[in-house]
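*Asks:* Starting off with a structure, shown below.
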Amino acid sequence: MNAWRFFLEHRAEILGATANHLALVVISMAFAIAIAVPLGMVIVHRRTLRNLALGLASIFQTIPSLALFGFLIPIPFIGGIGRRTAIVALVLYALLPILRNTYVGLTGIDPAVLEAAEAMGMTERQILWRVRLPLARAVILAGIRTATIITIGVATIAAAIGAGGLGTFIFRGVAMVSDAVILAGAIPAALLAIAADLLLGWLERRLKTV
Amino acid sequence: MNPKTVPEKADPTIQFQNVTYSINSTVHHKIVSEISLAVTAGQTLLLLGRSGSGKTTLLRLINRLLVPSGGEVIVHGRPTTDWDPIRLRRGIGYVIQDAGLFPHFTVAENIALVPTLEKWDVARTTARVNDLLMLVGLDPGEFAGRKPHELSGGQRQRVGVARALAVDPPILLMDEPFGALDPVTRAELQREFSALACRLGKTIVFVTHDLREALLLASRIILLEGGRIVADATPQEFPRIDHPEVRAFTASLAPLNGAQA
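Chains A and B are the protein sequences, given in the same order.
Counting in the numbering used here, the first sequence runs from 947 upward without gaps.
Counting in the numbering used here, the second sequence runs from 5 upward without gaps.
As C-alpha cells, this is what we get:
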C-alpha cells in the first residue's frame, strides 16, 4: 500500500495517536522532573543517598524497555495493562538523565564562587537557591531534553501493553508486514522528537547564564 | 596576656590560642601547629609563606570555613566555635584570588549580596553600591549593570574588594587577591589598596607568597613555614631577621630589579 495514501486516509487516527503519544510523554516527563530535580538537589550533600539514587536510576535505564513494561504488568496498583503502567515505566526511564544532570549541574560550579558564597555568610539553603540552581539550570534542562527524546522513542513500545500512542501503528505494521503502517507511527514519532529537541535546545540556550 | 607579642592596650580583634589544624587521613597530618597570635584592631597583618605553609588555612580558621582541631580562634572576644557561623561571616569581608564573583549576577548585584542578605532597603543598598564602586575606582554608570565576564581581571578584583566591604565589616580577609593579575595591574591595585587600607582603618589579614607585596602593604609580617610561625616582625625589621626561610624570601627579591618573577 502506498504510504502517502495510507497517511491521508487515516489522518484523523494518526493525529489522535500523536496527541495520545504526546500526552503520555508530557505526563511522564512531568512526574520524572518532579521526582528527579528535587532528588538531585537533596543528594548534593548526602553521599549515601546519592549513590543509592544514582545507582537505582542507572539500573532502571539498563533494563530493556519491553522487559520493563512486561515486569510491571503483574505488580499491583502501578501495574496492569494500560496507560498507567506505561507512565510508570517511562518515568523510571527518564529519571537517570535528569537526576544525573541535576547533580552534575549543582556540583560542577566554580569552587571559588561557592567559597565566596559560604565566606560571605550565605546559608546552605541560600547557596542552593541563589547560586547553585541558577548556575545549573542550563545543565538540568539539557538532562530534561535528553530524557524527553528518550521518552518519545520508548513511548512507542508502550503500545505493547495497551497504552496507545504512535506505537500502535508500528506494532500493527510489523504484524501486517506493511511499511506504510509502520511509517504512520514512526514518522510522527520522529517529528515529535525533533520538535522537542529544537524547542528544548532553544530554551537551554536562553537559560545559559554566561 | 599574650606573651609573644605585646599589643597595644586594646583587646585583640583576632586571637589564635595554641591553634592546630590537621586533616584526619590515614596519617594524622598537621597543616598548622600550635599557632599563637594576636591581631590588634587596625593592623594589616600579612601572612607570608610558600605554597603549603598553612597561610590560607590560618585565614580560613578566622571566618570558620575551618574549625581548629586544637586550641581556639577568638574573634571579637569569642571563640569561632561559639559564633553562629553565618553571623560571624557577615561581619568579615573576604576576598579571594579569582574574586569568586557570581557569574549570573551583575556587578551591582554582586556587591549588594550581603546587604541583600541583611535585608537592607533598596535605596540604601543602591547608594552603598555606588559609593563602593567609586571607592574602588569604577564608574557606577558604566560598571553597575555589567556581568563579571564583561570585566578585566583587575576590574573583577576591584569588584571583589567592593563586595567584601559592602556592609563595612571591621575585619577583612584577603587570600592572594592580586595573585592572578598581570604585574602592571597588580602593582596598580596594590598601591591603591594600600591607600584604601590606611583610610578605612580595618583589621586586615592578607595572605601572600610575594615578599614585595608584604613589604608594601603590611604593618606586620608573619612568615610561616611548615605550619609554624618562623618570623613575626614589622616590614622594617623583617629583612634583617636571621632565619634561613627569611633569607630565602629576601633572596627572591634580589633579581626583581631586572626581571619580573
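Glycine included, each C-beta is placed from N, C-alpha and C at the ideal position.
Just so it is clear, the structure is predicted and the values come from calculations on it, not from any experiment.
Nearest to I100 of chain B by alpha carbon, out of B:E229, B:F210, B:H247?
*Replies:* Position 96 of the second sequence, counted from the start, is the residue given in the question as residue 100 of chain B. Of the candidates B:E229, B:F210, B:H247, the one whose C-alpha sits nearest the C-alpha of I100 of chain B is B:F210.
*Asks:* Based on the DSSP output, what are the partners of H33 of chain B in its beta bridges?
*Replies:* By 1-based counting over the second sequence, the position of residue 33 of chain B is 29. Answer is B:I27.
*Asks:* Which runs of the alpha helix (DSSP H) spanning at least 4 residues fall entirely within the segment 226-265 of chain B, listed in chain order?
*Replies:* Fully enclosed alpha helix (DSSP H) runs of 4 or longer: 248-257.
*Asks:* Just reading off the alpha helix (DSSP H) that L69 of chain B is part of, what are its end residues?
*Replies:* The residue labelled residue 69 of chain B in the question sits at position 65 within the second sequence. Taken as a continuous stretch (DSSP letters only), L69 of chain B belongs to no alpha helix (DSSP H), as it is neither H nor E.
*Asks:* When the Cα atoms are used, what is the spatial distance from G74 of chain B to E229 of chain B?
*Replies:* Along the second sequence, one-based indexing puts residue 74 of chain B at 70. Along the second sequence, one-based indexing puts residue 229 of chain B at 225. Roughly 19 angstroms between the two C-alpha positions.
*Asks:* Taking only runs of the beta strand (DSSP E) that begin and end inside the segment 192-230 of chain B, which ones reach a length of at least 3 residues, in chain order?
*Replies:* Counting whole runs of 3 or more residues, the segment 192-230 of chain B contains the beta strand (DSSP E) stretches 207-212, 224-229.
*Asks:* Hey, is the segment 50-64 of chain B in contact with the segment 1141-1155 of chain A, meaning 3+ C-beta pairs nearer than 8 angstroms?
*Replies:* No, they do not touch.
*Asks:* In chain A, which residues lie with their C-beta within 8 angstroms of the C-beta of V118 of chain B?
*Replies:* Taking the first residue of the second sequence as position 1, residue 118 of chain B is located at position 114. Those are M1066, G1067, listed as they occur along chain A.
*Asks:* Apart from the five residues on each side of it in sequence, which residues of its chain come closer than 7 angstroms, Cβ to Cβ, to L70 of chain B?
*Replies:* What you label residue 70 of chain B is simply residue 66 of the second sequence in a count that begins at 1. Within the same chain, L70 of chain B has close Cβ partners Y25, T61, R64.
*Asks:* Leaving out five residues before and five after L105 of chain B in sequence, what residues of the same chain have Cβ atoms less than 7 angstroms from its Cβ?
*Replies:* Translated into positions along the second sequence, residue 105 of chain B becomes position 101. Around L105 of chain B: N114, P152, R160, V163, G164.
*Asks:* Which residues of the segment 1080-1095 of chain A have a Cβ closer than 8 angstroms to any Cβ of chain B? Give them in chain order.
*Replies:* Correct list: P1080, L1081.
*Asks:* Going along chain B, which residues have a C-beta under 8 angstroms from V1059 of chain A?
*Replies:* Reading the first sequence from its first residue, position 113 is the one you call residue 1059 of chain A. The answer, in chain order, is G104, L105, F106, P107.
*Asks:* Establish whether the CB of V1077 of chain A and some CB of chain B are separated by less than 8 angstroms.
*Replies:* Within the first sequence, numbered from 1, the residue matching residue 1077 of chain A stands at position 131. V1077 of chain A counts as touching chain B.
*Asks:* Taking only heavy atoms of the ligand COA into account, decide whether any of them is closer than 7 angstroms to the Cβ of L219 of chain B.
*Replies:* For the structure depicted, the ligand COA is absent and the ligand set is empty, with no information on it obtainable.
*Asks:* Does the beta-carbon distance from T207 of chain B to G81 of chain B come in below 8 angstroms?
*Replies:* For the purposes of this step, residue 207 of chain B is taken as residue 203 along the second sequence, with counting starting at 1. For the purposes of this step, residue 81 of chain B is taken as residue 77 along the second sequence, with counting starting at 1. No, Cβ-Cβ distance for T207 of chain B and G81 of chain B is not below 8 angstroms.
*Asks:* Use the C-beta contact count for I1021 of chain A: other C-beta atoms within 10 angstroms, 16 or more gives buried, fewer gives exposed.
*Replies:* Taking the first sequence and counting its residues from 1, one reaches residue 1021 of chain A at position 75. With fewer than 16 other Cβ atoms within 10 Å, it is exposed.
*Asks:* Under a CB-based cut-off of 8 angstroms, is A1013 of chain A close to chain B?
*Replies:* Counted from its first residue, the first sequence places residue 1013 of chain A at position 67. Taking Cβ atoms only, chain B never reaches closer than 8 angstroms to A1013 of chain A, which makes this a no.
*Asks:* For T9 of chain B and chain A, any beta-carbon pair shorter than 8 angstroms?
*Replies:* The residue you call residue 9 of chain B lines up with position 5 of the second sequence. Any reading at T9 of chain B must be qualified, since the residue scores a pLDDT of 46, below 50, and its modelled position is unreliable; no value is offered.
*Asks:* Just to confirm my understanding: we take G1117 of chain A, look at its own chain, exclude 5 residues before and 5 after, and list those with CB closer than 7 angstroms. What are they?
*Replies:* Along the first sequence, read from residue 1 onward, the residue named residue 1117 of chain A stands at position 171. In the sequence as displayed, the identity of residue 1117 of chain A is Phe instead of Gly. Same-chain partners within the cutoff: A1105, A1106.
*Asks:* With a CB to CB cut of under 7 angstroms and the five nearest residues on each side skipped, what residues in its chain are close to R1046 of chain A?
*Replies:* Within the first sequence, numbered from 1, the residue matching residue 1046 of chain A stands at position 100. Once the five neighbours on either side are set aside, the close Cβ partners of R1046 of chain A are L1000, G1089.
*Asks:* Under 7 angstroms Cβ-Cβ, which residues of chain B neighbour A949 of chain A?
*Replies:* Taking the first residue of the first sequence as 1, we reach residue 949 of chain A at position 3. Ordered by position in chain B, no residue passes the 7 angstroms Cβ test against A949 of chain A, which lies about 49 angstroms from the chain.
*Asks:* Taking the alpha helix (DSSP H) that T1097 of chain A falls in, what are its first and last residues?
*Replies:* Residue mapping note: residue 1097 of chain A aligns to position 151 of the first sequence, counting from 1. 1079-1100 is the extent of the alpha helix (DSSP H) around T1097 of chain A.
*Asks:* In chain order, what residues of the same chain have a beta carbon less than 6 angstroms from the beta carbon of M1066 of chain A, not counting five sequence neighbours either side?
*Replies:* To locate residue 1066 of chain A, count along the first sequence from 1; it is residue 120. If we look at M1066 of chain A and ignore the five residues flanking it on each side, it has no Cβ neighbours.
*Asks:* Use the C-beta contact count for R94 of chain B: other C-beta atoms within 10 angstroms, 16 or more gives buried, fewer gives exposed.
*Replies:* The residue given as residue 94 of chain B occupies position 90 in the second sequence. Looking at its Cβ environment, which holds 16 or more other Cβ atoms inside 10 Å, R94 of chain B is buried.
*Asks:* For A235 of chain B, which residues from the same chain have a beta carbon less than 8 angstroms from its beta carbon, with the 5 sequence-adjacent residues on both sides left out?
*Replies:* The residue given as residue 235 of chain B occupies position 231 in the second sequence. Once the five neighbours on either side are set aside, the close Cβ partners of A235 of chain B are I225, I226, L227, F242, I245, H247, E249, V250.
*Asks:* Keeping to the same chain, check which residues put their C-beta closer than 8 angstroms to that of T994 of chain A; ignore five residues upstream and five downstream.
*Replies:* Position 48 of the first sequence, counted from the start, is the residue given in the question as residue 994 of chain A. Closer than 8 angstroms at the Cβ level, and outside the excluded window around T994 of chain A, lies no residue.
*Asks:* Where I175 of chain B and V988 of chain A are concerned, what is the direct C-alpha to C-alpha distance, given to the nearest angstrom?
*Replies:* Residue mapping note: residue 175 of chain B aligns to position 171 of the second sequence, counting from 1. Residue mapping note: residue 988 of chain A aligns to position 42 of the first sequence, counting from 1. The straight-line gap from Cα to Cα measures roughly 34 angstroms.
*Asks:* Could you check which residue in B:D179, B:P83, B:R132 has the C-alpha nearest to that of A1058 of chain A?
*Replies:* Along the first sequence, one-based indexing puts residue 1058 of chain A at 112. A1058 of chain A has its Cα closest to that of B:D179, out of B:D179, B:P83, B:R132.
*Asks:* Compute the distance between the beta-carbons of G158 of chain B and L215 of chain B, then report whether it is under 8 angstroms.
*Replies:* One-based indexing of the second sequence puts residue 158 of chain B at position 154. One-based indexing of the second sequence puts residue 215 of chain B at position 211. It is not a contact, given that the beta carbons lie outside the stated cut-off.
*Asks:* Touch check for the segment 1012-1019 of chain A and the segment 972-980 of chain A: three-plus C-beta pairs under 8 angstroms?
*Replies:* Cβ pair count under 8 angstroms is below three, so no.
*Asks:* If the cut is a Cβ gap below 7 angstroms, which residues of chain B does A1040 of chain A touch?
*Replies:* As a first step, residue 1040 of chain A must be located in the first sequence, where it is residue number 94. Near A1040 of chain A there are no residues of chain B at all, since even the closest Cβ is about 27 angstroms away, more than 7 angstroms.
*Asks:* I'd like to confirm the pairing. Which residues does DSSP put opposite P83 of chain B in its beta bridges?
*Replies:* Mapped onto the second sequence, residue 83 of chain B falls at position 79. BP columns for P83 of chain B point to B:I78.
*Asks:* Please say whether N134 of chain B and P119 of chain B have beta carbons closer to each other than 8 angstroms?
*Replies:* On the second sequence, residue 119 of chain B is found 115 positions in, with the first residue counted as 1. On the second sequence, residue 134 of chain B is found 130 positions in, with the first residue counted as 1. Not closer than 8 angstroms, so no.
*Asks:* Suppose only complete runs of 4+ residues qualify. What are the alpha helix (DSSP H) ranges in the segment 1097-1135 of chain A, listed by chain order?
*Replies:* Fully enclosed alpha helix (DSSP H) runs of 4 or longer: 1113-1122.
*Asks:* Is the beta carbon of A170 of chain B closer than 8 angstroms to that of L139 of chain B?
*Replies:* Within the second sequence, residue 139 of chain B is the residue found at index 135, counting from 1. Within the second sequence, residue 170 of chain B is the residue found at index 166, counting from 1. It is not a contact, given that the beta carbons lie outside the stated cut-off.
*Asks:* What is the rounded straight-line gap between the Cα of T958 of chain A and the Cα of Y1039 of chain A?
*Replies:* Position 12 of the first sequence, counting from 1, holds the residue named residue 958 of chain A. Position 93 of the first sequence, counting from 1, holds the residue named residue 1039 of chain A. What sits at residue 958 of chain A in the sequence shown is Ala, not Thr. Computed Cα separation, rounded: 30 angstroms.
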